[in-house]
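Sequential numbering from 1 applies to the sequence shown in UniProt numbering.
Don't be surprised by glycine CBs; every beta carbon is placed ideally from N, CA and C.
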Amino acid sequence: MDEGMRWRIVNRLEVACHKRRGRTARQCHQGLQEACGESALPYRTVARWVKAFKEGRQNVADILRPGRPSASDADVQAVAALMDSDCRQTIRQLAGQTGLAHTTVLHILKERLSMRKIASRWVPHQLTEMQKWLRYDAARTHLERYEREGDAFLRRIITLDETWARSYQPELKRQSNECRHHGSPRRSKFRQNPSNVKIMVILVYDCDGVILTHTVPPQQTVTAQYYCSFLEHNLRPALRKKRRHFLQNAPLILHDNARPHAAQAVTDLFQAMGLESVLPSPILPRSKPLWL
């Protein structure tokens with residue numbers, strides 16, 4: 001309720017009090033001027049309310065009027081048909097095609113049709129039915145093994161993954177937030193672009209943290225031969241140094257099914273090293289920990 005409406009109700013209550021005392025409309029108006037001053041209602045309005053109270057009215061609030069609806073059923077159906085044909089249309093386009101006001105179109109979309117504009121959900125890959133079934137089979141196999149072995153199964157898993165790392169990554173705006181007193185000047189921050197220089201890094205980690213970070217030499221492609229060399233000359237020494245418990249209980253290697261990882265040479269090396277590869281699902285949705 002706004003301030004003007006509040007004062008009008010106060011005036012009407014004052015008129016009702018004077019009317020109950022048996023005063024006339026002129027006397028009610030004079031008493032209202034003495035109580036409210038310049039904000040008092042005009043005499044004709046006071047006389048109309050005195051007459052309404054005399055006829056039995058007791059409510060001092062405005063009576064809601066039915067009025068004409070802002071949008072008819074035909075208008076709603078027209079907007080709904082246009083949205084069914086193309087749900088990307090803007091309010092301006094809908095208003096131009098239907099001849100309705102922008103506010104009316106907005107009311108129809110939100111209140112009558114309960115529609116809202118949302119963006120498409122981003123997904124990293126579009127899987128085929130076969131890939132979905134393979135992912136389901138891999139998840140079921142891992143779940144059944146976890147039910148048999150418990151947390152020991154999870155602690156044996158070592159994840160290997162390649163990623164691009166830039167030589168310079170700009171600081172996020174949220175990372176530059178500072179606690180300051182009220183009125184303290186705000187620091188300026190210049191917009192910076194990520195560095196164009198980047199290198200390929202092979203990460204090896206488990207549930208306890210990072211085991212190995214290996215930098216691939218420039219102009220070097222991670223082939224099956226290079227991957228085998230990395231497993232034999234880098235991974236094995238790192239396990240002996242940081243995860244000696246894997247010497248008695250061989251780890252489970254989890255990596256995606258990229259061509260170098262799925263090569264026969266890698267499979268033969270796993271058998272020679274006594275390593276076991278966990279069945280990967282096609283296009284792993286989350287093979288990296290959240291902090292990478």
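Check, Outcome
"Sub-8 angstroms separation of Tyr-146 and Leu-154 beta-carbons", "yes"
"Per DSSP, cross-strand counterpart(s) of Lys-198", "Arg-166"
"Same chain, Cβ closer than 6 angstroms to Leu-252, neighbours up to 5 away in sequence not counted", "Arg-156, Ile-157, Glu-276 and Val-278"
"Cβ pair Ala-16, Val-60 closer than 8 angstroms", "yes"
"Between the CA atoms of Arg-121 and Gln-225 - distance to the nearest angstrom", "38 angstroms"
"Option nearest Ala-165 by Cα separation, candidates Val-197, Leu-231, His-142 and Asn-177", "Val-197"
"Beta-carbon gap between Val-105 and Ala-95 smaller than 8 angstroms", "yes"
"Trp-7 to Val-50 span [Cα, whole Å]", "17 angstroms"
"Status (buried if at least 16 other CB within 10 Å, exposed otherwise) for Tyr-136", "exposed"
"Separation of His-182 from Leu-292, as counted between CA atoms", "Summary for Leu-292: the model assigns pLDDT 36, below 50, so the residue's position carries little reliability, and this model does not support an answer."
"Residue range of the unbroken alpha helix (DSSP H) whose run includes Leu-254", "First-last for Leu-254: 252-254, but that is the beta strand (DSSP E), not the alpha helix (DSSP H)."
"Coarse secondary structure for Asp-206, derived from DSSP in three states", "strand"
"Helix, strand or coil at Asp-73 [DSSP, three-state]", "helix"
"Among Arg-140, Gln-93 and Lys-19, the one whose alpha carbon lies nearest that of Gln-58", "Lys-19"
"Per DSSP, cross-strand counterpart(s) of Ile-158", "Ile-253"
"Collapsed DSSP secondary structure at Asp-151 in the structure displayed", "helix"
"Simplified DSSP state of Leu-212, which is helix, strand or coil", "strand"
"Distance between His-214 and Leu-143 (C-alpha atoms, nearest Å)", "31 angstroms"
"Beta-ladder partner(s) of Glu-276, from DSSP", "Leu-252"
"Inter-residue spacing [alpha-carbon to alpha-carbon] between Lys-132 and Ala-78", "40 angstroms"
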